[in-house]
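Undergrad:
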Amino acid sequence: MPRYVRPAHDEFVEEAIDAFGNRARVAVLSYVRRHGPCTRGEIAAALSIAPPTTSNHLAALETAGLIVSAPARDQAKSGQWVRYSVVPERVAELYQALGRELGQNED
């Protein structure tokens, strides 16, 4: 069986691939960016994604610094709605890193 070779990329490029390399994750990020602070349920309903799957994508995006939650997920009380917002500077940072890797900024 062939061995999978993982090309070496800098940290920002790896993070961009992890974040932008999943269609559902990109859809979640795009929805939150367009519709402002929103809850997991709103996102799940709008995108027809199961709430647990939505939670997994939100957690990955939050770990990558692309979204923030208010209140923080680990500080939310039972029954309290957590709203998610995009961190536009971080989205731009990873988007630009991926563009550089693909030769977008070469003359």
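So that you can map any letter, position 10 of the sequence shown is 10 in the UniProt record's numbering, and since no number is skipped, the others follow by simple counting. Positions of the beta carbon are idealized from the N, C-alpha and C atoms, including for glycine.
According to DSSP, is Ala-19 helix, strand or coil?
TA: Looking at Ala-19 - three-state DSSP - the assignment turns out to be helix.
Undergrad: Beta-carbon within less than 7 Å of Trp-81's beta-carbon, same chain only, minus the 5 sequence neighbours each way: which residues are those?
TA: The residues are Thr-39.
Undergrad: What residue from His-57, Gly-99, Arg-100, Asp-74 has the CA that sits closest to Ala-19's CA?
TA: Looking at the Cα atoms, His-57 is the closest of the given residues.
Undergrad: Do Ala-24 and Leu-98 come within 8 Å of each other at the CB atom, strictly closer than that value?
TA: Not closer than 8 Å, so no.
Undergrad: Helix, strand or coil for Ile-67 per DSSP?
TA: Of the three classes helix, strand and coil, the one that applies to Ile-67 here is strand, per DSSP.
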